[in-house]
Each structure stands twice: as structure tokens, then as C-alpha cells.
Amino acid sequence: MSCTRRTVLASALALPAFVHARAEAAHVVVVGGGFGGATAARYLCLRAPGVRVTLVEPAERFHTCPFSNLYLAGLRTWDSIGHGYAGLRAAGVEVVHARAEDVNTAARTLRLSSGQTLRWDRLVLSPGVDMRWNALEGYDEAAAKRAPHAWKAGPQTLLLRRQLEAMPDGGRFVMAIPDNPFRCPPGPYERAAMVAHYLKRHKPRSKVLLLDAKDSFSKQALFQQGWKALYGDMIEWVKQSDDGQVLRVDAARLEVETAFGTRHKADVLNVIPPQKAGFIAERAGVTDASGWVPVKAESFESRRVAGIYALGDATIAAPIPKSGFAANTQGKVAAAAIAADLLGQTAPTASYANTCYSLIGPGYGISVAGVYRAEGGKLVEPAGSGGVSPLDGNADYRAAEARYGEAWYAAISADIWDR
Amino acid sequence: MSSAFPLNRFALALLLAPLAAGAQLRVQDASVLAGTCVNCHGPEGRSTGAIPSLRGHTAGYLLQRLRAFRAGQAPDATVMTRLMKGYDDAQVEALAQWFADQEGR
Numbered sequence: 004m005s006c007t008r009r010t011v012l013a014s015a016l017a018l019p020a021f022v023h024a025r026a027e028a029a030h031v032v033v034v035g036g037g038f039g040g041a042t043a044a045r046y047l048c049l050r051a052p053g054v055r056v057t058l059v060e061p062a063e064r065f066h067t068c069p070f071s072n073l074y075l076a077g078l079r080t081w082d083s084i085g086h087g088y089a090g091l092r093a094a095g096v097e098v099v100h101a102r103a104e105d106v107n108t109a110a111r112t113l114r115l116s117s118g119q120t121l122r123w124d125r126l127v128l129s130p131g132v133d134m135r136w137n138a139l140e141g142y143d144e145a146a147a148k149r150a151p152h153a154w155k156a157g158p159q160t161l162l163l164r165r166q167l168e169a170m171p172d173g174g175r176f177v178m179a180i181p182d183n184p185f186r187c188p189p190g191p192y193e194r195a196a197m198v199a200h201y202l203k204r205h206k207p208r209s210k211v212l213l214l215d216a217k218d219s220f221s222k223q224a225l226f227q228q229g230w231k232a233l234y235g236d237m238i239e240w241v242k243q244s245d246d247g248q249v250l251r252v253d254a255a256r257l258e259v260e261t262a263f264g265t266r267h268k269a270d271v272l273n274v275i276p277p278q279k280a281g282f283i284a285e286r287a288g289v290t291d292a293s294g295w296v297p298v299k300a301e302s303f304e305s306r307r308v309a310g311i312y313a314l315g316d317a318t319i320a321a322p323i324p325k326s327g328f329a330a331n332t333q334g335k336v337a338a339a340a341i342a343a344d345l346l347g348q349t350a351p352t353a354s355y356a357n358t359c360y361s362l363i364g365p366g367y368g369i370s371v372a373g374v375y376r377a378e379g380g381k382l383v384e385p386a387g388s389g390g391v392s393p394l395d396g397n398a399d400y401r402a403a404e405a406r407y408g409e410a411w412y413a414a415i416s417a418d419i420w421d422r
Numbered sequence: 191m192s193s194a195f196p197l198n199r200f201a202l203a204l205l206l207a208p209l210a211a212g213a214q215l216r217v218q219d220a221s222v223l224a225g226t227c228v229n230c231h232g233p234e235g236r237s238t239g240a241i242p243s244l245r246g247h248t249a250g251y252l253l254q255r256l257r258a259f260r261a262g263q264a265p266d267a268t269v270m271t272r273l274m275k276g277y278d279d280a281q282v283e284a285l286a287q288w289f290a291d292q293e294g295r
């Protein structure tokens with residue numbers, strides 16, 4: 004089944020017959036049903052109604068990392084951050100719930116955990132991140148069951164919430180935060196605020212200790228201002244040069260050790276380890292020595308393997324941050340580029356953006372925004388554009404950005420998954 | 191299946207959008223620019239929450255708002271002031287036209 008079956012009118016109008024015939028044979032396989040992949044699949048169907056589009060995603064219900072910190076705070080239900088694939092199916096995307104296990108770039112095939120092999124003309128990889136197990140000594144998959152990363156929304160997030168609920172009042176929540184690049188640069192600091200929100204209400208004598216492998220972070224001044232305003236001294240941030248960098252994790256003892264040998268004992272230990280592109284990107288041969296995927300600025304096609312595109316957190320796209328919003332705009336550009344390629348047209352000019360809201364407490368939101376374009380093979384920000392919320396923003400401004408954050412989540416969820 | 195509708199809309203929008211006299215952007219380029227807007231303003235520019243719709247306005251009104259954001263002359267604005275500074279005159283005009291043209295389609 005192709006996207007075109009139920010859109011005969013649109014495709015007949017949109018494409019000259021000879022191009023149509025060629026495009027109809029084309030099969031685009033998209034791996035990963037998150038912000039990048041699901042967007043690419045949907046917009047491929049919209050832009051190239053004759054093309055067959057298959058989306059490969061293990062989860063029948065995809066829970067988003069954005070807003071999972073609000074779930075930890077008790078401000079959102081788990082169900083409210085989950086999305087199914089009925090909308091994408093209705094839009095003409097074939098959705099296969101399986102894991103992508105291997106790519107053969109010569110034969111142009113993708114092997115799935117179900118045993119099925121898909122042949123592709125173009126392959127889009129939006130696999131998110133994988134944890135670098137043992138990059139922090141002692142922190143492996145087994146350790147994550149005791150000291151969760153909760154940096155992929157799912158069982159890890161639920162585990163961390165249960166641990167928070169079981170934590171005694173007066174206890175200590177310790178978070179280890181990695182150096183750049185990693186998924187969602189403001190995420191750890193929003194999580195600190197959301198955990199503090201929960202603790203302030205239920206366990207007000209508790210502390211939040213942030214051990215950071217960096218000396219600065221996204222929206223730093225705004226976060227620190229907000230933490231202070233809403234939570235007083237509950238949150239303590241230790242930067243790298245003040246011995247904040249965690250090198251070893253003893254999950255059994257809920258203890259971490261820093262570069263200078265300081266040991267910190269936790270009641271709840273949240274370790275966000277260094278990361279790399281999702282496993283399938285490596286299998287496809289599109290990653291470089293850094294573990295991430297270099298891409299062409301104008302299309303997000305791999306720089307290493309023609310015909311394979313990569314999106315989102317897995318890619319090297321600085322100055323574009325690893326965010327869901329950015330992955331969505333990359334998905335739209337890649338879909339347009341692939342559609343144009345398959346239809347023998349000129350690709351549209353690439354344009355990317357990011358708007359990332361962080362919630363510090365109910366009615367208190369902050370944001371960072373950016374616009375990006377491809378120039379001479381590089382991703383650049385137009386001079387004078389983008390930036391963070393004003394530090395002197397008043398309560399109305401913070402309240403508006405909290406409302407807009409909620410509205411953004413509803414809008415982008417509808418754009419990608421229909422709700 | 192019922193959702194052939196949005197497919198038709200998008201493909202037809204690309205095909206039928208008038209390339210207004212003086213427009214400097216191809217409609218395909220405008221469609222990519224507009225793709226970003228719906229992330230907050232809702233699919234096809236129809237609001238799903240506290241962020242206003244882009245539907246139901248004239249190109250003139252949208253252009254006036256977008257220019258005010260870019261000039262920092264919209265006191266009620268938050269991220270739009272920062273975002274619009276990333277787009278040039280032709281892009282801003284194309285965006286205003288794109289969402290005005292969605293109406294009635």
C-alpha cells in the first residue's frame with residue numbers, strides 16, 4: 004500500500020504521470036517513531052503521495068521525553084505524554100512495530116527483530132540516543148535498574164518516579180549530568196526543578212544535588228533565578244571545576260565518586276550518562292568516531308552513505324540543539340528533500356528552528372529559541388536571531404511561557420501523532 | 191479511510207498556491223518555512239491551545255504582526271521576537287501569504 008491509494012486526486016494533480024510512475028515504485032523506510040522519524044514519515048506522505056512509506060518503531064505507544072519531567076513532578080499523567088500511531092496509519096504510513104536490527108547498505112535492506120527484511124530506496128534513521136554504558140565506571144545497564152537515567156521516556160521514568168515516592172523526607176536526590184553533547188541540554192535542569200516541586204510539596208526537608216561535568220549550561224541564569232525564587236536553597240548545583248564531574252557510580256550503594264575522589268551518597272540516584280547515536284546508526288555505518296552521525300546541512304542526508312538520512316538527537320547538527328522541536332523541523336526538511344529527489348524536482352531551501360520551553364514550577368516557564376539555515380554546507384544561525392527569555396521578565400512573562408509550553412506540546416503532538 | 195483529507199490539502203496547497211506577483215520564494219520553500227510554525231500554532235495553523243491560530247487572517251494582518259515581532263514592537267510577544275529576527279523580508283512575506291492562502295482551501 005502506498006500513500007497514494009486514497010489520494011488519487013491529489014497525486015494525479017501534483018505529479019506528471021511519468022514521474023508519478025517512477026515515484027510510486029519508491030519505498031522510504033523510516034526507523035524511529037519519535038519527533039524526527041514520525042514527522043518525516045507523515046510529511047513524506049503529504050509531499051510525495053505516490054511514495055510508499057514504512058515507519059519502524061518498537062513501541063505501540065510512544066512516550067515523549069519532553070514533559071516526562073512534568074510526570075516526575077506529578078503535574079502530568081503518564082498517559083498524557085503517550086502517543087499512538089493510528090493517526091500516522093490513517094495518513095497512509097505503514098507502521099511496523101519491531102526493532103531495527105541491521106542495515107545492508109549495498110543491498111539496501113533493513114532487517115527487523117520480527118525476522119522481516121525491508122527493502123528501501125531511501126532510509127531515514129531517527130534512532131535517538133543510546134547510553135554509553137561503562138563510560139562512567141560502574142554504570143551499566145544493570146546499574147540503571149537501581150540508579151535510573153530516565154533519559155529515555157519509558158520504564159526508566161516510571162522507576163525514577165517510584166523511587167521519588169519511596170524517598171524519605173529529608174533525603175537527598177542526586178543527579179549526575181554529562182558533558183556536551185547530550186540529548187536535551189536544558190533537560191537535567193528542568194528535571195531538578197520538577198523534582199524540587201514534588202519534594203517541596205511532599206518531602207520539604209529534602210535536597211537536590213546536581214553534579215555536573217560542565218561549568219555552564221543551557222538557560223543557566225534563568226534556571227538559577229527560578230530555582231531560587233521557587234525552591235530557595237533546595238537545589239545545589241556543583242560545576243565541573245568545583246569537583247562536580249562524576250567518574251564512578253556504585254549503584255548498589257547509591258553512591259557516586261567525582262574526579263577529585265569526593266563520594267556522594269544518595270537516597271535517589273539519577274545518573275544521566277554520556278550518550279551516542281542509537282545503535283542502528285552504527286550498524287548502517289553512518290556514525291563517525293564521535294559516535295554521532297555527520298549529516299549534510301541542507302538535507303540531513305548522511306555524509307557517509309548516500310540515500311540514508313539521519314534526524315534528531317543522533318546527528319551532529321550544532322548549533323541546532325538535540326531537541327524534539329529541532330528533530331521535527333529536520334524531519335520536515337528531509338521529507339521535502341527526499342520527495343524532491345524521488346520526483347526529480349529541486350529540493351526546497353532548508354530552514355530549521357528550535358523552541359524549547361522548560362517549566363520551573365506551575366505558572367513559571369522559560370524558553371530558548373533559535374532559527375537555523377544551511378550556508379556553504381554548514382548550519383548557521385542568522386545574526387541577531389534566537390536567544391533565551393529575558394532575565395528581567397516579569398511574572399506575566401513567566402506565566403505566559405508556562406502556558407505556551409503546554410500549548411506547544413499539544414500542537415507538536417497533533418502535528419506528529421494527531422494528538 | 192477518513193484522513194485522505196489532509197493529504198489532499200497539503201498536496202493541493204503546493205500545487206495551487208498562487209505565486210503572488212513579486213513573491214521571491216518558491217511555494218515549496220514557503221511550505222518548508224511554514225512547517226516550523228505549526229509546531230506551536232497547530233496543524234495547518236489551527237490552534238490546539240493557548241497559542242493563537244494562524245488561520246483566518248489576511249496576509250496583510252499576518253505580515254504586520256510578523257514585522258512587529260521582528261522589530262521588537264510587540265509588547266505581548268515572547269519567543270516570536272527572537273524567532274522572527276531569523277527571517278528576511280522575502281521569507282516573512284512568504285509566510286504571511288502561505289497562511290492567508292490556507293483559508294478556503
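Order-wise, the sequence lines are chains A and B. First residue of the first sequence: 4, per the working numbering; consecutive thereafter. First residue of the second sequence: 191, per the working numbering; consecutive thereafter. Quick reminder that beta carbons are idealized off the backbone N, C-alpha and C, glycines included. Because the structure is a prediction, the values reported are computed rather than measured.
Under 7 Å from the C-beta of D219 (chain B): neighbouring residues of chain A: P351, T352
Euclidean distance between Cα positions of L225 (chain A) and E378 (chain A): 31 Å
Endpoints, alpha helix (DSSP H) assigned at G229 (chain A): 223-234
Whole-angstrom distance between A340 (chain A) and A300 (chain A), CA atom to CA atom: 12 Å
Minimum Cβ-Cβ distance from D418 (chain A) to chain B less than 9 Å: yes
Minimum C-alpha distance to A240 (chain B) - residue among A:I419, A:D418, A:A402: A:A402
Beta-carbon proximity of V274 (chain A) to A146 (chain A), cut-off 9 Å: yes
Chain B contacts from the stretch 316-349 of chain A (Cβ-Cβ distance under 7 Å): F328, N331, T332, K335, V336, A339
Where the stretch 361-377 of chain A meets chain B: residues whose CB sits under 7 Å from a CB there: S370, A372, V374
Any C-beta of chain B under 9 Å from that of I415 (chain A): yes
Three-pair Cβ contact test at 8 Å for the stretch 149-158 of chain A versus the stretch 62-77 of chain A: yes
Close Cβ partners of S305 (chain A) (< 7 Å) along its chain, the five nearest in sequence each way excluded: V289, V296, V298, I311, Y312, A313
Cβ of D278 (chain B) within 9 Å of any chain A Cβ: yes
Own chain residues within Cβ distance below 7 Å of P69 (chain A), not counting five before or after: G327, Y412
Whole beta strand (DSSP E) elements within the stretch 37-105 of chain A, 3-residue minimum: 55-59, 97-99
Pairwise C-alpha distance: V391 (chain A) and E239 (chain A): 22 Å
Sequence-distant residues of the same chain with beta carbon closer than 8 Å to R92 (chain A), five excluded per side: V98
Cβ neighbours of V247 (chain A) in the same chain (closer than 6 Å, five flanking residues each side left out): For the record, residue 247 (chain A) in the displayed sequence is Gly; it is not Val. Around G247 (chain A): L214, D215, V241.
Sufficient close CB pairs (3 or more, under 8 Å) joining the stretch 217-237 of chain B to the stretch 273-289 of chain B: yes
Chain A contacts from the stretch 239-266 of chain B (Cβ-Cβ distance under 7 Å): G239, A240, I241
Exposed unless 16 or more other CB atoms sit within 10 angstroms - verdict on L181 (chain B): Residue coverage of chain B in this structure runs from 191 to 295, which leaves residue 181 (chain B) outside it and unanswerable.
CA nearest to the CA of I369 (chain A), picked from A:P277, A:T358, A:Y375: A:T358
Contact under 9 Å by Cβ, R102 (chain A) with L115 (chain A): yes
For D270 (chain A), three-class secondary structure by DSSP: coil
Short CB-CB distance (under 9 Å) between R164 (chain A) and chain B: no
Reference L423 (chain A); option with closest CA among A:A169, A:K268, A:N183: Because residue 423 (chain A) is not part of the residues shown, which for chain A are 4 to 422, the question remains open.
Cutoff 9 Å: G87 (chain A) Cβ touching any chain B Cβ: no
Three or more C-beta pairs below 8 Å linking the stretch 28-46 of chain A and the stretch 122-134 of chain A: yes
Where the beta strand (DSSP E) through D133 (chain A) begins and ends: 132-134
Beta-carbon gap between T89 (chain A) and D421 (chain A) smaller than 9 Å: First, the amino acid is wrong: residue 89 (chain A) is Ala here, not Thr. Yes, they are a contact pair.
Distance between C230 (chain B) and A258 (chain B) (C-alpha atoms, nearest Å): 19 Å
For A195 (chain A), the nearest candidate out of A:R204, A:P181, A:V374, A:K210 (CA to CA): A:K210
Chain-ordered neighbours of E409 (chain A) on chain B, where CB pairs are closer than 9 Å: G239, A240
Exposure label - S302 (chain A); buried when at least 16 CB within 10 Å: buried
Below-9 Å beta-carbon distance, V222 (chain B) vs any chain A residue: yes
Nearest-angstrom Cα separation, counted from A337 (chain A) out to A26 (chain A): For A26 (chain A), the predicted model reports a pLDDT of 47, less than 50, meaning its position is unreliable and no value from the coordinates is stated.
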